[in-house]
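Everything below concerns the one structure shown next.
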Amino acid sequence: MNINQRKVYQHITETLNLSTPASDINVIQTPTYLKENLATADYITGVIAAFGASLEEIGELRGLPKQNVTVDRRHATISLNDPAYHYLNGTLILGGEIEVPVNSIQQSKDGQWMCMNGAYPHLRDGILNYFDSANNYQSLSDQVAKVDIAKIEADFEEQGLCMAPLYTPEQWREHPQGQAMAKHPLVLMDHQGNAKSKKLTQAKHRPLEGLKIIDVTHVVAGPWSTRQLSEYGADVISIRNPEFPFLYPVIFEQSYGKKQIQLDLKQQQHKDKFTELLKDADALVWGYGPNSLERLGFDQETLMEINPNLVVTQISAYGPTGPWSKRKGWEQLAQTCTGMTHIASQGRDQHHLVGALALDFSTGFLAAIGTISALIQREKKGGFWNVETMLARSAMELLSLDVHKEEVVPISMADMREYLIDQTSESGSVFTRIMPYVQLSETPAYCQTGPSVMGSHDPIATTWSDDPAGNGVVTHRPSEVVNRGLFGFMPGYGHEDIMHR
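Next comes the structure, spelled out in structure tokens:
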């Protein structure tokens with residue numbers, strides 16, 4: 001590892017009591033494709049290396065042989081644009097749901113720039129109604145320019161809408177929320193209760209096989225974390241409210257290996273089903289707004305009564321402390337308030353986000369690492385464990401790294417031939433995606449099933465697998481589809497988000 005990668009790796013592993021030294025991880029130092037003056041490639045490489053260490057350690061704890069862990073730096077960086085390389089029978093699946101005028105950087109009456117996000121219809125409509133604006137960029141710009149930033153910020157927080165002022169890294173470090181977050185490590189993990197240890201079973205083929213994970217998340221970090229867990233063997237049941245908006249391409253791409261059910265946790269029958277699943281679960285990954293779990297009647301005391309050995313992993317924008325701790329947030333907002341957008345915009349005519357979802361995907365990996373690490377500690381100490389990862393804290397860690405000039409190599413078809421795999425669905429369709437991001441020498445990663453839409457499985461009858469280990473047969477293969485051509489392939493320097501204004 002280089003110095004940046006080692007810094008990130010050691011921060012994570014030391015915080016979470018992982019013992020694999022950095023020297024044991026094989027990092028292939030391939031070039032980045034991102035042009036922004038940030039150490040994004042090194043940051044995500046260090047994160048994924050720590051993910052590899054957590055997989056190796058829990059696998060060895062469960063009886064698998066000691067393994068070599070390999071991470072490819074360019075491959076790791078491609079993870080930050082993973083949905084942009086997901087194909088059905090050779091045609092790109094990624095759609096344009098987030099390409100709406102409210103997802104933009106705008107200037108207020110007092111000259112302060114800010115970023116808004118209205119990717120979901122209720123957020124979009126709330127923003128347009130607040131500004132009395134038509135649903136087009138120019139109208140919104142005209143209306144935003146009539147209101148001071150302080151009023152917008154206060155009103156949006158009160159109404160549950162999503163925005164963040166554009167700060168420099170220095171301004172963010174001086175901001176009360178930045179100061180609060182600086183006190184936290186990248187991953188928070190704490191131990192509650194004194195229940196005896198729930199012992200992990202022996203593994204046969206993959207380090208996480210048979211671990212029961214409940215996924216109650218939405219785009220992007222949450223479902224990404226649970227897809228990583230499923231890739232290495234976990235039994236994942238994904239739950240979504242049927243009334244909640246569904247960003248199809250991203251959620252679909254992150255559904256590999258999962259059972260997909262719809263439950264409305266405000267209905268008693270569905271709440272009872274959720275409680276039934278919790279009783280036997282190893283971990284709950286929760287990705288909705290602050291205190292939403294408690295508002296549904298599942299505070300920590302209740303969860304401990306249901307399952308005293310549960311790991312609860314939560315993903316937030318701004319963490320558990322500070323004046324913004326109750327705010328909703330998105331990748332784009334975290335980039336904007338922490339100073340990433342300020343740096344990415346230097347030398348450009350317009351404000352510009354980093355050409356990748358650097359925080360969503362890295363924070364998702366961190367949630368997976370935290371979940372695995374808590375399960376390792378549960379094996380030793382028993383009890384109930386809380387884990388939390390934070391988008392803005394991920395940004396702060398990335399910004400702390402030194403930037404070294406290097407040759408930037410744009411994404412090309414050569415990368416697709418190197419990193420794509422094919423997986424045939426039950427219907428005979430071929431899905432093509434990026435291969436797993438951690439290579440383990442003895443136990444290859446794979447998803448037992450291909451992608452599926454929400455509601456594919458019966459909400460009441462679905463339960464944990466009777467044969468969690470399976471037969472160990474890898475379900476994917478090196479891509480043949482890529483050799484026939486990919487419709488919609490996007491070469492270049494990363495996803496040019498619609499919010500680049």
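Counting in this note's numbering, the sequence shown runs from 1 upward without gaps.
Glycine included, each C-beta is placed from N, C-alpha and C at the ideal position.
Mind checking which residues open and close the beta strand (DSSP E) that includes L188? V187 to Q192
Tell me, please, whether the segment 432-452 touches the segment 229-241 by the rule of three or more beta-carbon pairs shorter than 8 Å. yes
For T321, is the classification buried or exposed, using 16 other Cβ atoms within 10 angstroms of its Cβ as the cut-off for buried? exposed
Measure the Cβ-Cβ separation of I306 and L278 and say whether it is below 9 Å. yes
Taking DSSP's pairing of strands, which residues face E442 in a bridge? Beta-bridge pairing links E442 to no other residue.
Three-state class that DSSP yields for M499 in the structure shown: At M499 the pLDDT is 36, less than 50, meaning the model places this residue with poor confidence; the figure from the coordinates comes in the next sentence. In the structure shown, M499 sits in coil (DSSP, three-state: anything other than H, G, I, E or B).
To the nearest angstrom, how far is the alpha carbon of L34 from that of G297? 44 Å
Does the separation of the CB atoms of M114 and I149 fall below 9 Å? yes
Within the same chain, show all residues whose beta-carbon is closer than 7 Å to that of H476, passing over the 5 residues directly before and after it, in chain order. I421, D422, Q423 and Y446
Give me the Cα-Cα distance between L366 and R173, rounded to the nearest whole angstrom. 22 Å
I'd like to know if the segment 475-489 and the segment 29-46 are in contact, where contact means that at least 3 CB-CB pairs between them fall below 8 Å. no
Answer with buried or exposed for A358, where buried requires no fewer than 16 other C-beta atoms within 10 angstroms of its C-beta. buried
Classify I421 as helix, strand or coil using the three-state DSSP reduction. strand
Is it buried or exposed, F244, if we count other Cβ atoms within 10 angstroms and call 16 or more buried? exposed
Reduced DSSP category for K151 - H, G, I as helix; E, B as strand; rest coil: helix
Simplified DSSP state of R6, which is helix, strand or coil: helix
Neighbourhood of S316 by C-beta distance below 7 Å, restricted to the same chain and skipping five residues each side: P290, E388 and M390
Report buried or exposed for P323, applying the criterion of at least 16 other Cβ atoms within 10 angstroms of its Cβ. exposed
Let's see if you can read the secondary structure: which residues bound the beta strand (DSSP E) around E388? F384 to M390
Between the segment 185-193 and the segment 252-264, do three or more beta carbon pairs fall short of 8 Å? no
Beta-ladder partner(s) of F431, from DSSP: L88 and Q423
Could you tell me the distance, in whole angstroms, from the CA atom of S77 to the CA atom of V71? For the sequence presented, residue 77 should be read as Thr rather than Ser. Distance between the alpha carbons of T77 and V71: 10 Å.
I'd like to check one pair, R433 with H86: are the Cβ atoms closer than 9 Å? yes
Per DSSP, what are the beta-bridge partners of M304 in this structure? None, per the DSSP bridge assignment.
Would you say A281 and K212 are within 9 Å of each other, going by their C-beta atoms? yes
Rounding to the nearest angstrom, what Cα-Cα distance links A469 and P207 in this structure? 10 Å
Contained alpha helix (DSSP H) runs [length at least 4] in the segment 340-365, N- to C-terminal order: 340-344
From this set, V474, Y493 and G492, which residue's C-alpha is nearest H205's C-alpha? V474
Using only CA atoms, which one of T443, I105, S479 and G472 lies nearest to G59? T443
If we call anything under 9 Å between Cβ atoms a contact, is V354 one with T341? yes
Alpha carbon of A195 to alpha carbon of T201, nearest angstrom: 18 Å
Is the distance from the Cβ of P410 to the Cβ of G492 below 9 Å? yes
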